[in-house]
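Peer 1: Chains as they are written, first to last, in our numbering: chain V, 1 to 394; chain B, 395 to 681.
First the structure, then my questions, so here it is.
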Amino acid sequence: MSRPVSHASVIGSIIKKDLQEYSRDRLWAFLTVLLLVVMIAIFWVLPDSVDESIPVGVSGLGDAGTLAALETTEEEGLRAVLFGSSAQLRSVVAGDADAWKTNGAVVVIPNDSDVEKPAGAEKANVEIGLAFPEDFIAATAAGQKTTVEVFVDARVPDEIQSSMSSLVRELAFAVAGDDLPVDIQEPDEVYTVLGEDRAGNQVTPQESFLPLLVFFVLLMEMFGMSSLIAREVQSRTVTALLVTPATIGDVLTAKGAGGALLGVGQAVIILVAINALGHQPLLIITLMLLGAIMVSGTAMVAGSVGRDFMTNLLFGFVFMVPLMIPAFAVLFPGTASGWIQALPSYPLVQGLVKVSTYGDGWAEVLPDLAALFAWCVALFAIGWLVLKRKVETL
Amino acid sequence: MTEPAMKVDNITFSYGDLEAVKGITFEVAPGEILGFLGPNGAGKSTTIKILTGQLTPKSGKAQVLGVDVTADDPEMQAQIGVCFEEKNLYESMSGAENLRFFGSLFGLKHVDADDLLRRVGLADRANDRVAKYSKGMRQRLMMARTLVNTPKVLFLDEPTDGLDPVSSQAIRKLIKQEADRGAAVLLTTHDMNEADELSDRVAFINEGKLYAVDTSENLKLQHGRRSVRVRARDEGGIKERTVSLDEAGAGDALRAAVGSPGLMTIHTEEASLEAIFIEMTGRGLEG
């Protein structure tokens, strides 16, 4: 004889059953383990530091002033590569020739040449070139106006291109020395770094990869859960649940909680494996939990509309790809516009970056948590309503 | 007087413009089996969905164990068992795991899955995944699942559909046992013999309308022909004659026929449930 049963007990039973089913689905179990291993491996393969110096080709400076000038530029994060002539420099920046560094000298070999590269030479990837006139030092010292040609590869970002004029002024100052008789302007603008100055401590590829890694875990959670929900709907086992003391609220809560548990569990495994829980672990787990609940909402929608594995996969991608954009934006800075802030996943990614990259705490991340919570409620509510409607029409 | 386990009073239900249930009324007492007979699309499954709280009636009132079915009362749900027409089982789980999971939803700490599976002839397949079960085995597991909470009311939607004669007989025996235990049973079927064998009363439903609710015996008496067909060997070969029991002198005619030296067979000519169904609704039970 049955006895009164609590909602918590019913929800617990359904979650247990769902996790059992999930673990027995060989495809998802395999993909989940594979993803975890691959993602962790990729993370550790990525560099954990950044080469912050930019190679700049220089021609026309005599040996006398060059050394002093170079020391200055290296302090500014620029690495000078000396070329014999402006023509050589132009051809290398234009991509018509390759520059090879050997024993301090640079050998330029045109692309259409049969000449082999010097033994033991290292390729110099020069995308910016500064061709100084032969009389640059003398003219600068004399306070005369002179012209420096700047060659820039089209792929170099605008902000770096525009900084070249400042660099030329710096070099002129360094070449001319303290007693410069001419009026060399300081940079027009003075930049003040807000927050933590990351100069010399740039965001590493590992740090940039973290949000994407987390999203892949959530993606797997989404596919796994939507697959389970779709199966439950298609095989109508959900109707068998609803003629027991389990209410539709119990079933939906169990689906959401199970999905969140799965997502957070996998995320914690990954975060531990990549040693990312050292700072503010509770805050990171809270962010992950909200993210997982948000994704559970999309899983409910995908599971309700998907009819089989392929349509489930299709709808999963349709919902998840937009959510992954902010994570890609972190990996490839400068690729996305301001509109990505309107995406539900933005506060999650923003929060993660703040905590893991900039070492922020609860106070700084609170606005992101609030926004994420609001999105979480909205997406989960949509998922709940869509799945409820689907179940009621079975 | 015993309270009915199921009380349905003039309920209606529509799927959009289609009226699936048109004001049906009936009751089922504890320990009684009511055979719900009708062709596909007659409204049988819709009625079960209403009574199990899956659908809300458009009008009318229905109670199960004294509780309004629209109340979504877990106490009531805990005392019913539903055997669906579709085999909605968890395929990646074994038969025993399916039973234990559903038992946990009823708050049962311990489910004697082995006993339930033994009762439906699946004891030796208890730990096999349902995905490996045949259609008949799944149907038997469905029946076992229905009984997991020892329900007071059973809703059985085509419980022997797709089963071989031996398995069907085993399930019928189980249904009888449950009724003997005191469970009220609403059994939908379009198998006339099954309904006749199992049901204390039968209800004819077609196009959402209830045409009759009575015992098979009464329906046969009311609608069948009261006659006896006698076959006897005669000098010229085999002779057959029908004696109407409603005619004057029927007793003498019957005695003469039975006393005939060449008597071979005597058959009563009572109507079958199917014939009565066709007579009342104008259509057959199949399809």
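Glycine included, every Cβ here is placed at the ideal spot set by N, Cα and C.
In or out: Ala64/V buried (at least 16 other Cβ within 10 Å) or exposed?
Peer 2: Residue mapping note: residue 64/V aligns to position 64 of the first sequence, counting from 1. Residue placement at Ala64/V is poorly supported in this model, since its pLDDT is 48, which falls under 50; the coordinates are not used for a value here.
Peer 1: Ordered along the chain, which non-local residues of its own chain (more than five positions away) have a Cβ less than 7 Å from that of Pro344/V?
Peer 2: Taking the first residue of the first sequence as 1, we reach residue 344/V at position 344. The residues are Met294, Leu323, Trp375 and Leu379.
Peer 1: For Lys354/V and Lys17/V, I'd like the C-alpha separation in whole angstroms.
Peer 2: Here residue 354/V refers to the residue found at position 354 of the first sequence. Here residue 17/V refers to the residue found at position 17 of the first sequence. Cα-Cα distance, rounded: 37 Å.
Peer 1: Does DSSP classify Met400/B as helix, strand or coil?
Peer 2: Translated into the one-based positions of the second sequence, residue 400/B becomes position 6. Three-state result, Met400/B: strand.
Peer 1: Can a CB atom of chain B be found closer than 8 Å to the CB of Val193/V?
Peer 2: Residue numbering aside, residue 193/V sits at position 193 when the first sequence is read from its first letter. Here Val193/V scores only 37 on pLDDT, less than 50, and its place in the model should not be relied on; the value that follows carries that caveat. No, Val193/V lies away from the interface with chain B (no Cβ there is under 8 Å from its Cβ).
Peer 1: What number of angstroms, rounded off, separates the C-alpha of Ser59/V from the C-alpha of Leu130/V?
Peer 2: In the first sequence, counting from the first residue as 1, residue 59/V sits at position 59. In the first sequence, counting from the first residue as 1, residue 130/V sits at position 130. Whole-angstrom Cα-Cα distance: 6 Å.
Peer 1: What are the residues that DSSP puts in a beta bridge with Arg149/V?
Peer 2: Locating residue 149/V in the first sequence gives position 149, where the first residue counts as 1. Here residue 149/V is Glu; the residue named in the question, Arg, does not match the sequence. Looking at the DSSP assignment, Glu149/V forms a beta bridge with Ala131/V.
Peer 1: For my contact list, Leu352/V and Ile270/V are in at a C-beta cut-off of 8 Å; report their separation, rounded to the angstrom.
Peer 2: For the purposes of this step, residue 352/V is identified with residue 352 of the first sequence, where counting begins at 1. For the purposes of this step, residue 270/V is identified with residue 270 of the first sequence, where counting begins at 1. Going by Cβ atoms, the distance from Leu352/V to Ile270/V rounds to 12 Å, so no, they are not a contact pair.
Peer 1: Between the alpha carbons of Glu395/V and Val458/B, how many angstroms are there, rounded?
Peer 2: Outside the displayed span of chain V (1 to 394) sits residue 395/V, for which this structure offers no information.
Peer 1: What three-state label does DSSP hand Leu379/V in the structure shown?
Peer 2: Here residue 379/V refers to the residue found at position 379 when the first sequence is read from its first residue. In the structure shown, Leu379/V sits in a helix (DSSP, three-state: H, G or I).
Peer 1: Of all Cβ atoms in chain B, is any one closer than 8 Å to the Cβ of Lys390/V?
Peer 2: As a working mapping, residue 390/V is identified with position 390 in the first sequence. Not an interface residue.
Peer 1: Just to check my reading of the structure: Leu331/V and Phe151/V have Cβ atoms closer than 8 Å, yes? What is that Cβ distance to the nearest angstrom?
Peer 2: Counted from its first residue, the first sequence places residue 331/V at position 331. Counted from its first residue, the first sequence places residue 151/V at position 151. The Cβ separation is near 29 Å, so there is no contact.
Peer 1: Gly417/B touches chain V at which residues, Cβ-Cβ below 9 Å?
Peer 2: Within the second sequence, numbered from 1, the residue matching residue 417/B stands at position 23. Simply none; closest approach about 23 Å.
Peer 1: Would you list the residues sitting across from Gln457/B in a DSSP beta bridge?
Peer 2: Taking the first residue of the second sequence as position 1, residue 457/B is located at position 63. Paired residue(s): Lys401/B and Asp462/B.
Peer 1: Which same chain residues end up closer than 8 Å to Ala564/B when comparing Cβ atoms and leaving out the 5 residues on each side of it in sequence?
Peer 2: Taking the second sequence and counting its residues from 1, the one referred to as residue 564/B is at position 170. Around Ala564/B: Val514, Gly515 and Arg534.
Peer 1: Report back the beta-carbon spacing between Val422/B and Leu431/B to the nearest angstrom; my notes put them in contact at under 8 Å.
Peer 2: Position 28 of the second sequence, counted from the first residue, corresponds to residue 422/B. Position 37 of the second sequence, counted from the first residue, corresponds to residue 431/B. So it is not a contact: roughly 14 Å between Cβ atoms.
Peer 1: Give the DSSP-derived three-state secondary structure of Ser488/B in the structure shown.
Peer 2: Here residue 488/B corresponds to residue number 94 of the second sequence, with the count starting at 1. In this structure, Ser488/B counts as strand in the three-state DSSP scheme.
Peer 1: Would you call the segment 481-496 of chain B and the segment 434-441 of chain B touching, i.e. three or more CB-CB distances under 8 Å?
Peer 2: Too few Cβ pairs lie closer than 8 Å, so no.
Peer 1: In whole angstroms, what separates the C-alpha of Trp384/V from that of Met300/V?
Peer 2: By 1-based counting over the first sequence, the position of residue 384/V is 384. By 1-based counting over the first sequence, the position of residue 300/V is 300. Spanning the two alpha carbons is a distance of roughly 7 Å.
Peer 1: In angstroms with no decimal places, state the Cα-to-Cα distance between Arg90/V and Thr147/V.
Peer 2: The count along the first sequence starts at 1 and reaches residue 90/V at position 90. The count along the first sequence starts at 1 and reaches residue 147/V at position 147. For Arg90/V and Thr147/V, the distance between alpha carbons rounds to 16 Å.
Peer 1: At the level of alpha carbons, what is the spacing between Asp462/B and Leu604/B?
Peer 2: Within the second sequence, residue 462/B is the residue found at index 68, counting from 1. Within the second sequence, residue 604/B is the residue found at index 210, counting from 1. The straight-line gap from Cα to Cα measures roughly 21 Å.
Peer 1: Confirm, please, whether the CB-CB distance from Val81/V to Ala124/V is below 8 Å.
Peer 2: Here residue 124/V corresponds to residue number 124 of the first sequence, with the count starting at 1. Here residue 81/V corresponds to residue number 81 of the first sequence, with the count starting at 1. Result yes, Cβ atoms of Ala124/V and Val81/V sit closer than 8 Å.
Peer 1: Have a look at Ile405/B, Met531/B and Pro424/B and flag the residue whose alpha-carbon is nearest the alpha-carbon of Pro398/B.
Peer 2: As a position in the second sequence, residue 398/B is number 4, starting the count at 1. The residue with the shortest Cα to Cα distance from Pro398/B is Pro424/B.
Peer 1: Any chance the segment 534-544 of chain B sits against the segment 465-478 of chain B, with 3 or more Cβ pairs inside 8 Å?
Peer 2: Counting Cβ pairs under 8 Å, three or more are found: they touch.
Peer 1: From Val365/V, Phe215/V and Thr253/V, pick the residue whose C-alpha is nearest to that of Ala329/V; which is it?
Peer 2: As a position in the first sequence, residue 329/V is number 329, starting the count at 1. Considering only alpha carbons, the answer is Phe215/V.
Peer 1: Would you list the one or two residues that DSSP bridges to Ala578/B?
Peer 2: Start at 1 with the first residue of the second sequence, and residue 578/B comes out as number 184. Answer is Val547/B.
Peer 1: In this structure, does DSSP put Asp188/V in helix, strand or coil?
Peer 2: Position 188 of the first sequence, counted from the start, is the residue given in the question as residue 188/V. Caution is warranted here: a pLDDT of 40 is assigned to Asp188/V, below 50, making its placement in the model unreliable, and no coordinate value can be reported.
Peer 1: Along chain V, which residues have their Cβ under 8 Å away from the Cβ of Met674/B?
Peer 2: By 1-based counting over the second sequence, the position of residue 674/B is 280. Neighbours of Met674/B on chain V: none; closest Cβ ~31 Å, over 8 Å.
Peer 1: Does chain V have any CB closer than 8 Å to the CB of Gln393/B?
Peer 2: Here chain B comprises residues numbered 395 to 681, so residue 393/B is not present and cannot be evaluated.
Peer 1: Excluding the five sequence neighbours on either side, which residues of its own chain have a C-beta within less than 7 Å of the C-beta of Ala257/V, listed in chain order?
Peer 2: To locate residue 257/V, count along the first sequence from 1; it is residue 257. Within the same chain, Ala257/V has close Cβ partners Ile11 and Ile15.
Peer 1: With 16 other CB atoms within 10 Å as the buried threshold, where does Asp188/V fall?
Peer 2: Numbered from its first residue, the first sequence carries residue 188/V at position 188. Confidence is the limiting factor: at Asp188/V the pLDDT is only 40, short of 50, which leaves the residue's position unreliable, though a coordinate-based value still follows. By the neighbour-count rule (16 or more Cβ atoms within 10 Å), Asp188/V is not buried but exposed.
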